[in-house]
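Asker: Once you've had a glance at the structure underneath, I'll fire off some questions.
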Amino acid sequence: MEKKSFTFDEIKLKMLNYCVYQDRCHYEVEQKMREFLLIPEAKEEILLYLIQEKYLDEERFVRSYIRGKFYIKHWGRNKIKLNLKQKQISDKLMGRCWDEIDDSDYQKQIILFIEKQSGSINEPNAFKKKNKIIKFLLSKGYEYDCILDAFGLMEY
14 MEKKSFTFDE
24 IKLKMLNYCV
34 YQDRCHYEVE
44 QKMREFLLIP
54 EAKEEILLYL
64 IQEKYLDEER
74 FVRSYIRGKF
84 YIKHWGRNKI
94 KLNLKQKQIS
104 DKLMGRCWDE
114 IDDSDYQKQI
124 ILFIEKQSGS
134 INEPNAFKKK
144 NKIIKFLLSK
154 GYEYDCILDA
164 FGLMEY
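So in our numbering, spot 102 of the sequence shown is number 115, and the numbers just go up one at a time.
Next comes the structure, spelled out in structure tokens:
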């Protein structure tokens, strides 16, 4: 199958639409541009245009990503951080954006998971049950200290 070729303006419009559909980071846009046979100068020109016209904004992307992954998918900070690192987002930028997650919401979510898991895990041994819940929360990306704090707040 032959690859369809596009003009520079068509590719620019495709990339603009890609960014309008949802917030993107530079890494995602660069990956998407690999689909098209572009010379480095053309890629740079498109990237620069998207940034200047505010279609591509790394901080806006990170803030939106953090909010979505926590409030919709209920991921913990560790899992969010790992996924942002895969998208080549710097620790410094992430550090500026963690305020998107309210600390009390974070703690409430952990407690909610503990309560939900307590009801669904059929384990008579309380120690083993607690360990299973902790493992689950760690797999969702929550920090061990935050998990223990949540257990401490509950009458577990």
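Just so it is clear, CB atoms sit at the ideal spot from N, CA and C, and this is done for glycine as well.
At a cut of 8 Å, does the stretch 71 to 91 reach the stretch 52 to 61 through at least three beta carbon pairs?
Answerer: Flag = no, the stretch 71 to 91 and the stretch 52 to 61 do not touch.
Asker: Would you mind working out which of Glu-71, Ser-18 and Leu-69 sits nearest Arg-47, comparing C-alpha positions?
Answerer: For this step, residue 47 is matched to residue 34 along the sequence shown. Taking only the C-alpha atoms, the option nearest Arg-47 is Ser-18.
Asker: Which of the three DSSP states is assigned to Asp-70 in this structure?
Answerer: The count along the sequence shown starts at 1 and reaches residue 70 at position 57. The answer is coil: DSSP assigns Asp-70 none of H, G, I, E or B.
Asker: For Glu-57 and Leu-29, I'd like the C-alpha separation in whole angstroms.
Answerer: Here residue 57 corresponds to residue number 44 of the sequence shown, with the count starting at 1. Here residue 29 corresponds to residue number 16 of the sequence shown, with the count starting at 1. When rounded, the distance between both Cα atoms is 14 Å.
Asker: Decide if Ile-134 is buried, meaning its Cβ has at least 16 other Cβ atoms within 10 Å, or exposed.
Answerer: In the sequence shown, counting from the first residue as 1, residue 134 sits at position 121. Exposed: under 16 other Cβ atoms inside 10 Å.
Asker: If Gly-154 and Arg-90 are in contact, beta carbons under 8 Å, what's the gap, nearest whole angstrom?
Answerer: To locate residue 154, count along the sequence shown from 1; it is residue 141. To locate residue 90, count along the sequence shown from 1; it is residue 77. Right, their Cβ atoms sit about 6 Å apart.
Asker: Using only CA atoms, which one of Tyr-62, Leu-95 and Trp-111 lies nearest to Glu-72?
Answerer: As a position in the sequence shown, residue 72 is number 59, starting the count at 1. Per the Cα distances, Trp-111.
Asker: Hey, Ile-146 and Ile-127: beta-carbon distance below 8 Å or not?
Answerer: As a position in the sequence shown, residue 146 is number 133, starting the count at 1. As a position in the sequence shown, residue 127 is number 114, starting the count at 1. Yes. Within cutoff.
Asker: Anyone know if the C-beta pair for Leu-166 and Tyr-157 falls short of 8 Å?
Answerer: Translated into the one-based positions of the sequence shown, residue 166 becomes position 153. Translated into the one-based positions of the sequence shown, residue 157 becomes position 144. Taking 8 Å as the Cβ cut-off, Leu-166 and Tyr-157 do not qualify as a contacting pair.
Asker: Just to confirm before moving on: does the CB-CB distance between Lys-100 and Tyr-40 stay below 8 Å?
Answerer: In the sequence shown, residue 100 corresponds to position 87, counting from 1. In the sequence shown, residue 40 corresponds to position 27, counting from 1. The answer is yes: Cβ separation under 8 Å.
Asker: Out of Leu-95, Cys-159, Ala-163 and Lys-25, which has the shortest C-alpha to C-alpha gap to Leu-63?
Answerer: Position 50 of the sequence shown, counted from the first residue, corresponds to residue 63. Closest option to Leu-63, Cα to Cα, is Lys-25.
Asker: Is DSSP giving Met-167 helix, strand or coil here?
Answerer: Numbered from its first residue, the sequence shown carries residue 167 at position 154. Met-167: coil per DSSP, three-state reduction.
Asker: Tell me whether the beta-carbon of Leu-60 lies closer than 8 Å to the beta-carbon of Val-42.
Answerer: Translated into positions along the sequence shown, residue 60 becomes position 47. Translated into positions along the sequence shown, residue 42 becomes position 29. Going by C-beta atoms, Leu-60 is nearer than 8 Å to Val-42.
Asker: Ile-124 and Phe-83: beta carbons closer than 8 Å?
Answerer: Sequence index remark: in the sequence shown, residue 124 carries index 111 (1-based). Sequence index remark: in the sequence shown, residue 83 carries index 70 (1-based). Cβ atoms of Ile-124 and Phe-83: not closer than 8 Å.
Asker: Considering only the alpha carbon of each residue, which of Ala-139, Cys-32, Gly-132 and Lys-142 lies closest to Gln-65?
Answerer: To locate residue 65, count along the sequence shown from 1; it is residue 52. The candidate whose alpha carbon is nearest that of Gln-65 is Cys-32.
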